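**Q** Just passing along the structure, written as structure tokens.
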Amino acid sequence: AFNANVAAAQAALNAFIVVTPEKALEAADAVDAARAKGETLGKMAGVPIGMKDLFATKGVQTTAASHILEGFVPEYESTVSANLWKAGAGMLGKLNLDQFAMGSSNETSYFGNVISPWRKQGSNAALAPGGSSGGSSAAIAARLCPAATGTDTGGSIRQPAAFVGISGIKPTYGRCSRWGVVAFASSLDQAGPMARDVTDCAIMLEAMAGFDPKDSTSLDMPVPQWEAGLDPDMRGKKVGIPREYRMDGTDPEILASWDRGIEWLRDAGAEIVEVSLPHTKYALPAYYIVAPAEASSNLARYDGVRYGLRDLPAGANLQDMYAATRAAGFGDEVKRRIMIGTYVLSAGFYDAYYNQAQRVRTLIANDFKAAFEQCDVILAPTTPTASFPLGDKVDDPLAMYLNDVFAVPASLAGLPAMSVPAGLNADGLPLGLQIIGRAFDEQGVLNAGLAIE
Ligand code: GLN
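Residues in the sequence shown are numbered from 29 upward in steps of one, following the UniProt record's numbering.
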């Protein structure tokens, strides 16, 4: 049934880059075989999922939605996807995304933008599914798959989840292995599940997470039983409301939904306390220095020699081939990030920009440490607005970057953070609320999410 839904919706939503119906069916058949043999079933037995096309999948094209990787078929499997197959899940296909996970609307994909299944009341304008995990969010919202992988460098799980009314959690940095995930900004990249509800996220995160010696930043800690630990009772818990997140430019409807979320958590027994995260306003500028700096280094490997596309003009030497391949292979947003990144890392500007941004990052992490002495979890909006029409921000990178204003602080601090649906706005579009937790306390985040859900 899911294979049929995926095929039927492709023209309208463009959520998938490649479909693999046979892999989803194999997983379903494996459940029958395991049952017949009396074997115990894995956590995700038979569940058909979508795989963001940023995860290397053995024998299946992996593009990061970039022309430069078109035709690249990995000979290895990412650790996270391998963990999911081990737990019994099956792959419906590779999901569309913003090119190299850079973007907030899915409009930077080489394979065309994903279209949200949602519409404003009384309008037929196509809306952004969020980004970069927009194929994942659209596919789940349209019921093409019950769950999908996402990655979150500066909001790419949480913002698309909020835009389509689903749940998604970015775990603590290091929980999910980055091995085999196409790198964007290595000190920020983190994989996580996106699904219809908090319980499904808990189940899938258990399957995805775990120590991996192949990723030097992988957390060497046991994976908690998050599903078994789910508990929406917030009595005895303190929920922090960060004063500095009441920013100018935030939609009044977002502020109203935040107030409703506060009431829901109070009803669930939580004590509400105001907390301060004084360096919040520097998080977005720091992110847009650190992330492009790391991206410019990570993307140096796409040179036309090792992967995918090669543009070799007649009579060209090696340098010409690099230049021609990159000119043709990278999209505009990717080139913009590479240029910003190499600039802030260059000898004359390193101290003024990159080093300074790293210091700001420490201040932001310290803000959270201080706040979590007064509360157990933090509640904030996920995004400053609901979803917007495709095309609206495409020519204004700064307006696009502002989408991430509430998402990037938790990314810079490496903390677990989740978006859960929080009802609809006056136009009938979904809004999301964000819960940020202490490092390693995914359980606290999931439980507060469950209380809101
Ligand atoms: N929208 C942000 C960016 O463009 C975040 C992307 C992400 O988390 N992968 O960098």
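Idealized CB from N, CA, C, for every residue including glycine. Since the model is a prediction, treat every value here as computed from it, not as a measurement.
(1) Taking the CB atoms as reference points, tell me whether Gly238 and Val251 lie closer together than 8 Å.
(2) Among Lys266, Arg354, Phe468 and Pro174, whose alpha-carbon lies nearest the alpha-carbon of Gly297?
(3) Taking 7 Å as the cut-off, is the beta-carbon of Met130 closer than that to any non-hydrogen atom of ligand 1?
(4) Among the candidates Cys204, Ala235 and Asp217, whose CA atom is the shortest distance from the CA of Asp248?
(5) What's the call for Gly477, buried or exposed, on a 16-neighbour Cβ count within 10 Å?
(6) Leaving out five residues before and five after Met222 in sequence, what residues of the same chain have Cβ atoms less than 8 Å from its Cβ?
(7) By a C-beta neighbour count over all protein chains shown, 10 Å radius and 16 as the cutoff for buried, is Leu69 buried or exposed?
(8) Grab the span of the beta strand (DSSP E) containing Glu470 for me, first residue to last.
(9) How many Å lie between Ser246 and Ala62 at the Cα?
(10) Under a three-way DSSP split, which group does Gln402 fall into?
(11) Check each candidate in Ala115, Val372, Val47 and Ala92 and name the one with the smallest Cα separation from Val75.
(12) For Gln218, count the other beta carbons within 10 Å of its own beta carbon; 16 or more makes it buried, fewer makes it exposed. Which is it?
(13) Which value, in whole angstroms, describes the spacing of the CA atoms of Asp379 and Leu312?
(14) Do the stretch 252-271 and the stretch 100-110 touch if we need at least three Cβ pairs shorter than 8 Å?
(15) Can you give me the Cβ contacts of Leu293 inside the same chain, cut-off strictly under 8 Å, excluding the 5 residues immediately before and after it?
(16) Please determine whether the Cβ atom of Ser325 lies at a distance below 7 Å from any heavy atom of ligand 1.
(17) Quickly, what does DSSP pair Pro145 with across the bridge? List them, please.
(18) Buried or exposed: which applies to Asn111, given that a residue is buried once 16 or more other Cβ atoms fall within 10 Å of its Cβ?
(19) Where does Arg329 land, buried or exposed, given buried means 16+ other C-beta within 10 angstroms?
(20) Check the DSSP bridge columns for Ile77 and list the partner residues they point to.
(21) So, do the stretch 460-477 and the stretch 420-433 have three or more beta carbon pairs nearer to each other than 8 Å?
(22) Mind checking which residues open and close the beta strand (DSSP E) that includes Val192?
(23) Alpha carbon to alpha carbon, how far is Thr410 from Ala445?
(24) Might you give, ordered along the chain, the residues of its own chain that have their beta carbon closer than 8 Å to the beta carbon of Val209, omitting 5 neighbours on each side?
**A** From the atom records:
(1) yes
(2) Lys266
(3) yes
(4) Cys204
(5) buried
(6) Ser161, Ser164, Ser165, Ile168, Ala175, Ala176, Thr177, Gly178, Ile185, Pro188, Ala189, Ile194, Ser195, Gly196 and Cys229
(7) exposed
(8) Element bounds for Glu470: not the beta strand (DSSP E) but the alpha helix (DSSP H), Glu470 to Ile480.
(9) 31 Å
(10) coil
(11) Ala115
(12) buried
(13) 18 Å
(14) no
(15) Met262, Val267, Ile300, Leu407, Ala476, Ala479 and Ile480
(16) no
(17) In the DSSP output, where bridge partners are listed per residue, Pro145 has none listed.
(18) buried
(19) exposed
(20) Met119 and Ala175
(21) no
(22) Note, Val192: premise wrong, no beta strand (DSSP E); alpha helix (DSSP H) at Arg186 to Val192.
(23) 10 Å
(24) Leu82, Phe83, Ala84, Ser106, Val108, Thr179, Asp217 and Ala219
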